[in-house]
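One structure is given below, encoded as structure tokens.
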Amino acid sequence: MPPIFSSQRFLLCLFIAYLLIEQHAARPVLYAALVDFTTWIDVIVGFVKQLPSIITENLTPDVIANILDAYVSSKDNEDIRLNITQLLLKYAHSVEEHRVRTEDGYILGLFHIPRNGSVVFLMHGMLGSSDDWVTAGSETGLAYLLSEAGYDVWLGNARGNKHSRRHIRLTPASEQFWDFTWDEIGRLDLPIMIDYVLKESNATQLKYIGHSQGTTTFFVMCSERPEYNEKVSLMVALSPVAWMSHVQSPLVQLVAPSGNLLYTVMQMFGHGEFLPENGVLSLMSRKICGQSTLAEILCNNVVFLICGFDLPQLNIINLPVIFSHTPSGAATKQLLHYGQGVLSGEFRQYDWGETGNFDHYGTREPPNYPVHKITAPVALFYSDADWLASPIDVQRLKENLGNVVDYYKVPFKGFNHVDFVWAKDFKELIFRRIMTLLRKY
């Protein structure tokens, strides 16, 4: 396997060495850490370099050529330069921007597409934002479809993404700003946003649709703050992520065992933010993937590296618009918390280590989330080809929830994690089922 380019390897080793020396690590420990880290980097690099050939191995040259031509020709799409407000206005949807403040000082952005119907709240996944519900385009974007169906649509944003990068005293340049996981998003961000939406809408309940981390944080909220079950008439979980014992993402499988080391390095490179824009790790990702058009499509967006690809459902023409809005920012600890779940096989709170766990929880191990306390009606949407939400893990979630009202496997063989937001056939495979549930609940 070819080694990582020497200059970046050298920088990484220097940083690891500096950290361990500062911690007074013995020389054998220092050497072992460097060997472990550089070996791990080589595995990651080898995997990423093989991605284009892995993804396209069953495609004919003509199909690949058509994909590349469509992508290149769509890079002049003016939507690439438009923000979410401009996109909604362009496609004849009025929009309002709102702000709420969490009890620990984060200022979160909300977008409202006003209509007279019942309230639907949409929550994005990790590295995403409210834009995810719009960038698929006016024909398949869930925010557009719900608004056109008459629903009063609200789009949430978790702390740390591009619409929620403000704090009453911290800045994104501070490591303290990024000292959170998806646990805080579930305990603090979701409740304040939901309360605000209900107050603004003069409603007592809303319908919640979440994707990926947007489902994780819902399960955290309604298990740890069960009073919020009464405020949700229906929860639709698109690619639900809780237990992760059978995660299929090769990149997540590689990252999870080295989670603590990865967290230390990423803190030094990104001050706690996962792959910050223009950061060293982002530069490395681009260099490792290569400069070809196919590499640009498949490799240079970390969301696809983590979640996988489904070219038959990927709207290549709209891909440059998606890339211009994603990824939107997240804390490294969010990824690490998921990695802990892969290793432990449990859906539980953040693991601070034995001493830290005693300080935070009074126990040696972090406590499991009591998902049996979730009484809100939940619909689970899953697929066989999802790299992050394995059908086996979704089945375990179903068995632990108290009120599953729909358990739907998408009838498309290659349907994967990001297809639940951006699939070309979203209306036929997902939206029609959602509409049936919304009318019922």
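Residues in the sequence shown are numbered from 251 upward in steps of one, following the working numbering. C-beta: ideal position from N, C-alpha, C; glycine also.
In this structure, DSSP gives Met494 a state outside helix and strand, which the three-state scheme calls coil. The C-beta of Thr605 has fewer than 16 other C-beta atoms within 10 Å across all chains shown, which makes the residue exposed. CA-CA distance, His343 to Leu688, rounds to 21 angstroms. Closest in C-alpha terms to Thr576, from the list Arg598, Val350 and Asn411, comes Asn411.
Here the stretch 487-500 makes contact with the stretch 460-476; the two share three or more CB pairs at distances below 8 angstroms.
Inclusion of Tyr446 and Val350 in the CB contact set at 8 angstroms is warranted, their separation being smaller than that value. The beta carbon of Lys690 sits closer than 6 angstroms to no other beta carbon from its chain once the five residues preceding and following it are set aside. Counting along the chain, His362 sits inside the beta strand (DSSP E) bounded by residues Tyr356 to Ile363. Secondary structure note for Phe608: its alpha helix (DSSP H) is the uninterrupted segment Gly603 to Tyr611. Judged by DSSP secondary structure, Glu649 falls outside any beta strand (DSSP E) and instead within the alpha helix (DSSP H) spanning Pro641 to Asn650. By the neighbour-count criterion, in which a residue is buried when 16 or more other Cβ atoms sit within 10 angstroms of its Cβ, Gln336 is exposed. Residue range Asp669 to Trp672 is occupied by the alpha helix (DSSP H) that includes Phe670. When C-alpha distances from Ala386 are compared across Ala581, Met376, His667 and Leu569, the shortest belongs to Leu569. Here Gly375 carries a coil assignment [DSSP, helix/strand/coil]. Using a Cβ distance threshold of 8 angstroms, Val486 and Ile684 count as a contacting pair.
In the three-state reduction of the DSSP assignment, Trp637 falls in the coil class. For the pair of segments examined, the stretch 363-380 was found to touch the stretch 580-587: the number of CB pairs separated by less than 8 angstroms reaches three. Residue pairing by DSSP puts Glu346 in a beta bridge opposite His362. Rounded to the nearest whole angstrom, the C-alpha separation of Phe427 and Asp675 is 39 angstroms. Across the structure, Gly589 and His362 are spaced so that their CA atoms are roughly 33 angstroms apart. For His461, there is no enclosing alpha helix (DSSP H); the residue is found in the beta strand (DSSP E) stretching over Leu456 to His461. Counting only residues of its own chain and dropping the five nearest sequence neighbours on each side, Gly400 has a CB closer than 7 angstroms to the CB of Arg365, Asn366 and Gly367. Annotation: the continuous alpha helix (DSSP H) that includes Lys449 extends over Leu440 to Ser451. Taking the Cα positions, His413 is about 10 angstroms away from Ile334. Looking at the DSSP output, Glu523 sits in a beta bridge with Ala581. Assigned with DSSP and collapsed to three states, Arg351 falls in strand.
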